[in-house]
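Worksheet: the structure to be examined is printed underneath.
2 protein chains.
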Amino acid sequence: MHLTRYTDYSLRVLIYLGAHPGKRATISQITDHFGISRNHLVKVVHNLAQLGYIITTRGKSGGMVLAMEPEKINLSAVVQRIEPHLDLLECFDNQSNTCPIAMQCKLKGVFFQAKRSFMGVLNNYTLADILVSEDTQPAPSLSEHIIPITLHSNN
Amino acid sequence: MHLTRYTDYSLRVLIYLGAHPGKRATISQITDHFGISRNHLVKVVHNLAQLGYIITTRGKSGGMVLAMEPEKINLSAVVQRIEPHLDLLECFDNQSNTCPIAMQCKLKGVFFQAKRSFMGVLNNYTLADILVSEDTQPAPSLSEHIIPITLHSNN
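Residue numbers (my numbering), protein chains in the order written: chain A, 17 to 171; chain B, 17 to 171.
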């Protein structure tokens, strides 16, 4: 269970542009900054422009800027509009599902609830909340985010 | 963002065994029931046995049964122990991460929080909660689970 590189790079473009307000950025600047492939980024930028998150201009002084304030860019919306695979299990898609117990199975309902909770957290944040500012403290360490595993229930 | 077929099939095996208590099931019975590949299921069953969720016996009257009561099998634990990719973004893995802003970026913290929330929902359920019984009502329809999309924040 992971987000695609496509979504990851889309978020990086938004973060870069949000951190450089008022400056027109080029694809080369962003690929250099993150050390990522230009080919991947061209598609990502095209899609972000089509979705209305950024404005691109061609020409010698061309480049891209955010199309709106970072406070207006909701992270749940970005992920839901860009991530191509949000069907956690085969049974999420009635058209392609082959599992014969899908109509009665309660597993799907549990995973829908989990996905809703996941998106609910993202929905609480905008691009403005995650921008890296110069006076930013280092991000919390991984140990603060360890998810406890209950190997077996005790009830 | 989706779970692997491996995890999907692991859950199906557990659901099948939980729905047939006291009966020794064969791989053929489960592949026939779900219409899935035997090759895939052999690996899935071997792993479930190694993790202690099922007991397999060889021979003419061999097969598999759950190693514990369905109430003892927590869904969050199953997913965390079986799903091979729980790193939502490249920066989740310090060893393989290449993103240069990972140490300062706040995105990781938001996604950790979302993942924790996702697993928190699964942690509320055991295999017993999702078993299909004969008097089961059809599962809730998809429309009850639609996640509202906030295209742009209004604040």
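Even glycine gets a Cβ: it sits at the ideal position worked out from N, Cα and C. These figures come from a predicted structure and were not determined experimentally.
- Using a CB distance cut-off of 8 angstroms, VAL60 (chain A) does not count as an interface residue toward chain B.
- The DSSP-derived three-state label of ILE52 (chain B) is coil.
- Residue A:VAL29 holds the alpha-carbon nearest to the alpha-carbon of LEU143 (chain A) among A:ARG40, A:VAL29, A:VAL61.
- Relative to the Cα of PHE50 (chain B), the nearest Cα in the group A:TYR69, A:ARG132, A:CYS107 belongs to A:CYS107.
- Shown here, ALA83 (chain B) sits in coil according to DSSP, grouped into three states, outside any helix or strand.
- Look at THR23 (chain B) here: in three-state DSSP terms it is helix.
- If you draw a straight line from the Cα of THR20 (chain A) to the Cα of LYS39 (chain B), it comes to about 41 angstroms.
- Shown here, ASN139 (chain B) sits in coil according to DSSP, grouped into three states, outside any helix or strand.
- Identification of residues in the stretch 118-138 of chain B having a C-beta nearer than 9 angstroms to some C-beta of chain A yields ALA118, MET119, GLN120, CYS121, LYS122, LEU123, LYS124, GLY125, VAL126, PHE127, PHE128, GLN129, ALA130, LYS131, ARG132, SER133, PHE134, MET135, GLY136, VAL137, LEU138, given in sequence order.
- In this structure, PHE128 (chain B) and ALA130 (chain A) do not form a Cβ contact; the two beta carbons are roughly 15 angstroms apart against a cut-off of 8 angstroms.
- Of all alpha-carbon atoms in B:PRO100, B:LEU104, B:LEU82, B:ASN113, the one lying nearest the alpha-carbon of VAL95 (chain A) is that of B:LEU104.
- The C-alpha of LEU27 (chain A) is placed about 43 angstroms away from the C-alpha of ASP48 (chain B).
- Judged by their CB atoms, GLY75 (chain A) and THR42 (chain A) are not nearer to each other than the 8 angstroms cut-off.
- Looking at the DSSP output, ASN90 (chain A) sits in a beta bridge with A:THR142.
- Of the other Cβ atoms in all chains shown, fewer than 16 fall within 10 Å of the Cβ of PRO116 (chain A); this residue is therefore exposed.
- Neighbourhood of HIS101 (chain A) in chain B, by CB distance below 9 angstroms: MET17, HIS18, in chain order.
- Membership of THR73 (chain A) in the beta strand (DSSP E) is indicated by the continuous run 70-73.
- At a beta-carbon threshold of 8 angstroms, none of the residues of chain B lie near PRO37 (chain A); the nearest stands roughly 16 angstroms away.
- With 16 or more other CB atoms across the displayed protein chains lying within 10 angstroms of its CB, VAL137 (chain B) is buried.
- One Cα belongs to GLN66 (chain B), the other to ILE46 (chain A), and the distance between them is close to 46 angstroms.
- A Cβ-Cβ separation of about 14 angstroms leaves HIS56 (chain A) out of contact with TYR32 (chain A) under the 8 angstroms criterion.
- Listed by position along chain A, the residues whose Cβ is nearer than 8 angstroms to that of TYR141 (chain B) are VAL126.
- Contact annotation: THR72 (chain B) and VAL61 (chain B) have beta-carbon atoms nearer than 8 angstroms.
- Beta-bridge annotation (DSSP): ALA41 (chain A) is paired with A:MET80.
- With 16 or more other Cβ atoms inside 10 Å of its own Cβ, THR23 (chain A) counts as buried.
- Taking the Cα positions, ASN140 (chain B) is about 17 angstroms away from CYS121 (chain A).
- Within the same chain, VAL29, LEU30, LEU33, VAL61, LEU64, MET80, VAL81, LEU82, ALA83 come within 8 angstroms of ILE70 (chain B) by CB-CB distance, once the 5 residues on both sides are set aside.
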